[in-house]
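Accompanying notes for the structure given below.
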């Protein structure tokens, strides 16, 4: 079983839609949970970082972690064409980082 | 801060040639990672260093791959001899205390 499972998509939504991106993981030792955004032909950039179960909001982005079900979500409100990218979830133990395969998102104007 | 700096950004080489990829981590970060990204397999960890010491190289695909970190501000990933299946984007990343990781822009390698 992979450490992290993520639906690769692709996901295509109209501008202004709410987007939900999800990952599941298997390792109970994961303590920190990150989301990275990767634009085409660029390196992944850190988008959000959470430590515990619950929600963390940053502008139009909300990261949600449910440790009991080992489920990670990223919500994007009022999606914009500039949000078109690949989103990778990345749980970590603090020493080891594990990346999902990424979900490709396209926001259509 | 300039971020993680990688070179070359693009390399096209012939099968059998040696390839050396270089990385300068963010100053003050004590962990350095080399990843390979392909469409089929996503991001794969090749090796990571902590305080210049290789900690886990289990992701290095075979003996053709080697990595060094002679000091805190420089690392290399070498492929010798290169093969077409090594074509991928190679990312270097660094981390300050282990709970976040910052990537470079990648080295795009094509082996023909």
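Protein chains in written order, with the working numbering: chain U, 212 to 320; chain B, 215 to 326. Cβ atoms here follow ideal geometry from the backbone N, Cα and C, with glycine treated the same way. Remember, predicted model here, so these are calculated numbers, not experimental data.
By the 8 Å beta-carbon criterion, what residues does the stretch 297 to 308 of chain U contribute toward chain B?
299, 301, 303, 305, 306, 307 and 308
Since residue 259(U) meets chain B, which of its residues come closer than 7 Å, beta carbon to beta carbon?
The contacting residues do not exist; residue 259(U) stays about 11 Å from chain B at best.
Taking the alpha-carbon of residue 294(B) as reference, which of 308(B), 305(B) and 279(B) has the nearest alpha-carbon?
279(B)
In chain order, what residues of the same chain lie with their CB nearer than 7 Å to the CB of residue 297(B), ignoring the 5 residues before and after it?
229 and 325
Output needed for residue 300(B): all residues of its chain with C-beta closer than 6 Å, excluding positions within five of it in sequence on either side, in chain order.
293 and 325
Using DSSP with H/G/I as helix, E/B as strand and the rest coil, what is residue 231(U)?
strand
Excluding the five sequence neighbours on either side, which residues of its own chain have a C-beta within less than 6 Å of the C-beta of residue 267(U), listed in chain order?
261 and 274
Under 7 Å: does the beta carbon of residue 242(B) sit that close to some heavy atom of the ligand ZN?
With respect to the ligand ZN, the structure shown offers nothing to examine, as it has no ligands at all.
So, is residue 240(U) buried or exposed, given that buried needs 16 or more other C-beta atoms within 10 angstroms?
exposed
Just the C-alpha distance for residue 259(U) and residue 305(U), rounded to the nearest angstrom, thanks.
16 Å
The beta strand (DSSP E) enclosing residue 263(U), as first and last residue numbers:
Careful: residue 263(U) lies outside any beta strand (DSSP E) and carries neither H nor E.
Which one of 251(B), 235(B) and 253(B) has the shortest CA to CA distance from residue 223(B)?
235(B)
contact_flag[the stretch 275 to 283 of chain U, the stretch 272 to 292 of chain B] where n(CB pairs < 8 Å) is 3 or more:
no
Would you say residue 250(U) lies against chain B (beta-carbon separation less than 8 Å)?
no
Just to confirm the assignment, what range does the beta strand (DSSP E) spanning residue 276(B) have?
It is not in any beta strand (DSSP E) - residue 276(B) carries neither H nor E in the DSSP assignment.
Three-state secondary structure assigned by DSSP to residue 277(U):
strand
By Cβ distance below 8 Å, which residues in the same chain neighbour residue 318(B) in space, the five residues on each side in sequence not counted?
217, 218, 219, 220, 237, 305, 306 and 307
Helix or strand or just coil, what does DSSP make of residue 218(U)?
coil
If we cut at 8 Å on Cβ distances, does residue 255(U) have a partner in chain B?
yes
Give the residues of chain B in contact with residue 310(U), contact being defined as C-beta atoms less than 7 Å apart.
256 and 257
In its own chain, which residues sit with a C-beta less than 8 Å from the C-beta of residue 303(U), not counting the 5 before and 5 after it?
241, 242, 243, 244, 245 and 309
Assigned secondary structure, residue 293(U) (DSSP; H/G/I helix, E/B strand, else coil):
helix
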